[in-house]
Amino acid sequence: MATYFVGDIQGCFDDLQDLLQQANFNPQCDQLWLTGDLVARGPKSLETLRFVKGLGTAAITVLGNHDLHLLAIDAGLAKLNPKDKTQSIFNAEDKDELLLWLRQQPLLAYHEDFNIIMVHAGISPQWTQHQAALYAEEVNAQLRGDDYQILLAHMYGAHPDYWQGELQGFDRLRFIINAFTRMRFCAPSGQLEFHNKHSPAENDNAQHIPWYEVAGSHLDGAHVIFGHWAALEGHCSHKNATTLDTGCVWGNSLTMLRWEDKAVFSVSCPIHAT
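Per UniProt numbering, residue 1 is the first one in the sequence shown, and the count goes up by one each step.
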């Protein structure tokens, strides 16, 4: 049995299949962990959802910002981004089944044997890893409930951008969602910054620090695997974190890591996002 971790698919289904074939992935005995954003700007979001769902227990995925946006569109709470190629999902006969499955997925997944935490964007520097797991479950409990649409209606926005334990209601849940699914840079205090999508090398603002370089205990303990930040091109400066989004949808590559021997598999991708 082998355990594979793969970066953001974003509907690049054919590229995923090429990568799995290269690694000789066997769903009968192997397991595939995905960093979220299964859908969006690639050409086959519907096929990607069906495939990952069809893997059953052989696949573990977390929710990304594009996955949550898909759920909000279906609930009539957001509009389809013209750049996203997800209309086929809403036309599919199995749409309800697929989206019900999607909203059952967690914001944080923990691999007990390897002591690995997987999230989409990161862990707030103001949290411990134990707190992160608890806060993720707060959101997941709401998202899996019958009134999940109320959460989706209140999840958009950049405030509050600083964590305080006394945050309540949708302000609290919004911060948690933003930290897990949108975070890249932070201020040294841990305050979230949402506009800077550059790489750290291209960053010219000294007050913007990658979330994994901010002082805190958020990376003490389990190794953290994340995606979301394509501009990192797979490079992370912290020894206890690994990033796997290498910008497949932008014409770069799709990257997968086999944890047991740290073998890295990669396929070059055509430009899908326009």
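Ideal Cβ placement from N, Cα and C applies to all residues, glycine included.
Which of the three DSSP states, helix, strand or coil, is assigned to residue i?
| i | result |
| --- | --- |
| alanine 263 | strand |
| arginine 144 | coil |
| arginine 243 | Note that residue 243 is threonine in the sequence shown here, rather than arginine. Of the three classes helix, strand and coil, the one that applies to threonine 243 here is strand, per DSSP. |
| arginine 172 | helix |
| residue 284 | Outside the modelled stretch of the chain, which goes from 1 to 274, sits residue 284, for which no answer is possible. |
| phenylalanine 13 | helix |
| threonine 128 | coil |
| serine 45 | helix |
| glutamine 31 | strand |
| alanine 109 | strand |
| phenylalanine 180 | helix |
| arginine 258 | strand |
| phenylalanine 51 | helix |
Leaving out five residues on either side along the sequence, give the residues of the same chain with a beta carbon under 6 Å from the beta carbon of residue i.
| i | result |
| --- | --- |
| aspartate 171 | Pro160 |
| leucine 55 | Pro27 |
| serine 124 | Trp163, Ala179 |
| tryptophan 33 | Phe5, Ile60, Met118 |
Using a Cβ-Cβ cutoff of less than 8 Å, which residues in the same chain neighbour residue i once the five nearest sequence positions on both sides are dropped?
| i | result |
| --- | --- |
| isoleucine 73 | Lys79, Leu80, Thr86, Phe90 |
| serine 253 | Thr246, Gly247, Ser266, Val267, Ser268, Cys269 |
| aspartate 30 | Met1, Ala2, Thr3, Tyr4, Ala58 |
| arginine 144 | Arg103, Gln104 |
Report back the beta-carbon spacing between residue i and residue j to the nearest angstrom; my notes put them in contact at under 8 Å.
| i | j | result |
| --- | --- | --- |
| leucine 98 | valine 62 | So it is not a contact: roughly 17 Å between Cβ atoms. |
| glutamine 142 | alanine 75 | Between alanine 75 and glutamine 142 the Cβ distance is about 13 Å, and since that is not below 8 Å, they are no contact. |
| arginine 184 | tryptophan 229 | 5 Å |
| valine 249 | glutamine 10 | 4 Å |
Taking 7 Å as the limit between beta carbons, can you name the residues of its chain near residue i, skipping five residues before and five after?
| i | result |
| --- | --- |
| glycine 251 | Cys269, Pro270, Ile271 |
| aspartate 67 | Gly36, Asp37, Leu38, Val39, Leu102 |
| cysteine 236 | Tyr212, Thr242, Thr243 |
For the candidate residues the options, whose alpha-carbon lies nearest to that of residue i?
| i | options | result |
| --- | --- | --- |
| aspartate 113 | Val264, Trp259, Leu77 | Trp259 |
| aspartate 8 | Asn240, Ala179, Glu137, Val119 | Val119 |
| tyrosine 110 | His223, Asn240, Ala263 | His223 |
| glutamine 92 | Ala121, Ile117, Glu47 | The question names glutamine, yet the displayed sequence has alanine at residue 92. For the residues Ala121, Ile117, Glu47, the minimum Cα distance to alanine 92 belongs to Glu47. |
| leucine 232 | Gln17, Lys197, Asn65, Val214 | Lys197 |
| tyrosine 156 | Glu166, Gly64, Phe226, Arg174 | Arg174 |
| isoleucine 116 | Ala23, Leu219, Asn203, Gln21 | Leu219 |
| serine 45 | Pro188, Gly64, Asp84 | Asp84 |
| asparagine 240 | Ala273, Leu70, Ile176, Gln129 | Gln129 |
| phenylalanine 226 | Lys53, Phe25, Gly64, Asp18 | Gly64 |
| asparagine 205 | Leu151, Cys186, Gln131 | Cys186 |
| alanine 158 | Ser217, Pro210, Phe194 | Phe194 |
| glutamine 191 | Glu202, Ala215, Leu70 | Ala215 |
What residue does the alpha helix (DSSP H) around residue i start on, and which one ends it?
| i | result |
| --- | --- |
| isoleucine 89 | 87–91 |
| isoleucine 123 | That residue, isoleucine 123, is in no alpha helix (DSSP H); it is neither H nor E in DSSP. |
| isoleucine 225 | No alpha helix (DSSP H) holds isoleucine 225; the beta strand (DSSP E) holding it covers 223–226. |
| aspartate 74 | 65–74 |
| tryptophan 101 | 95–102 |
For the beta strand (DSSP E) that residue i lies in, which residues bound it at each end?
| i | result |
| --- | --- |
| alanine 59 | 59–61 |
| residue 279 | Residue numbering for the chain in the displayed model covers 1 to 274; residue 279 lies beyond these limits and cannot be assessed. |
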